[in-house]
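Numbering (this note's numbering), first residue to last: 1 to 301.
Below you'll find the structure, written out as structure tokens, and then a few comments.
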């Protein structure tokens, strides 16, 4: 089986190199998008990072958190991989993810589960707050590309965040709906995935519809894959798990609505889980111990 790994990266260059080295395998190619706002970035510094895998850096765009440019970068990676090679599986990772099993085990897992789809598809966001969830995709967010995370007063971004939210609410109460005529059942889920070639091709064929759906949304990177999957014939092939968060084979823990850094204790817990193939997120500049532990573990494996 051939695999394409799609990586969205921003800063953390040393860790990106570690990720490339851990993914290095004769049956894998690696496609990387580095945020255009990540300066300075030297692509030449990664020459030789892999001995067996091809590493392809795709043209860079500026990505803003919560904006549709996140989706655009992911779709560009998928499109490039489909154009450049024939693969059985496509895996989306961030530059702060790492495989936590040897590549031989990862390849064997997908051989065993060939054809299954590893996507998080759920109703959690809707059930938590239906209105707040619908505001992500059903109205227009014209300022999100300027707001970003909007957690500081830098350049007035925090104030603009509340302006954007107010405009979204106003649209809702005026009856604006971007999806009323679409007949889509909207789902949510983590944006990271491992998908077989036929569903990857299906998503790429739907590229224009997906980008149109996402263009003025807010955090719709956590909506579009789950939604297009649920509304397709491919949904019946989703890998089922007692915890839907684990259906994507990536392990992470949350605190205050953000993933926490992986610890050695976490890795020891994940070791015992046969479908824990990747983990997020790592930061070698903050805590190198989990990365060193993982490197020694995989080397021994």
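C-beta: ideal position from N, C-alpha, C; glycine also.
Residue i to residue j span [Cα, whole Å]
i           : j           : result
residue 3   : residue 145 : 32 Å
residue 291 : residue 212 : 39 Å
residue 89  : residue 275 : 16 Å
residue 279 : residue 252 : 6 Å
residue 102 : residue 86  : 23 Å
residue 147 : residue 240 : 36 Å
residue 34  : residue 184 : 32 Å
residue 143 : residue 160 : 7 Å
residue 284 : residue 206 : 37 Å
residue 221 : residue 80  : 19 Å
residue 293 : residue 96  : 16 Å
residue 7   : residue 46  : 14 Å
residue 219 : residue 132 : 12 Å
residue 297 : residue 5   : 22 Å
residue 124 : residue 243 : 12 Å
residue 53  : residue 91  : 14 Å
residue 174 : residue 168 : 10 Å
residue 203 : residue 176 : 27 Å
residue 109 : residue 83  : 25 Å
residue 39  : residue 67  : 20 Å
residue 37  : residue 289 : 29 Å
residue 181 : residue 65  : 28 Å
residue 357 : residue 164 : Nothing about residue 357 can be reported from this structure: the residues present for the chain run from 1 to 301 only.
residue 198 : residue 42  : 34 Å
residue 302 : residue 141 : No statement about residue 302 is possible, as the shown extent of the chain runs from 1 to 301 and does not include it.
residue 172 : residue 214 : 17 Å
residue 265 : residue 114 : 31 Å
Per DSSP, the bridge partner or partners of residue i
i           : result
residue 8   : 33, 94
residue 258 : 255
residue 172 : Beta-bridge pairing links residue 172 to no other residue.
residue 41  : DSSP lists no partner for residue 41.
residue 279 : 98, 251
residue 306 : For the chain, the structure presents residues 1 to 301; residue 306 sits outside this window and is missing.
residue 238 : 117
residue 293 : Partner(s): none; residue 293 has no beta bridge.
residue 196 : 89
residue 188 : 122
residue 3   : 28, 89
Cβ separation of residue i and residue j, assumed to be a contact under 8 Å, to the nearest whole Å
i           : j           : result
residue 30  : residue 20  : 6 Å
residue 194 : residue 249 : 6 Å
residue 99  : residue 22  : 5 Å
Residue i and residue j closer than 8 Å at C-beta
i           : j           : result
residue 9   : residue 32  : yes
residue 314 : residue 69  : Outside the displayed range of the chain (1 to 301) lies residue 314, so it cannot be described from this structure.
residue 56  : residue 76  : no
residue 24  : residue 1   : no
residue 209 : residue 78  : no
residue 119 : residue 238 : yes
residue 196 : residue 117 : yes
residue 277 : residue 18  : no
residue 267 : residue 287 : no
residue 94  : residue 281 : yes
Are three or more beta carbon pairs between the segment 176–195 and the segment 220–236 nearer than 8 Å?
yes
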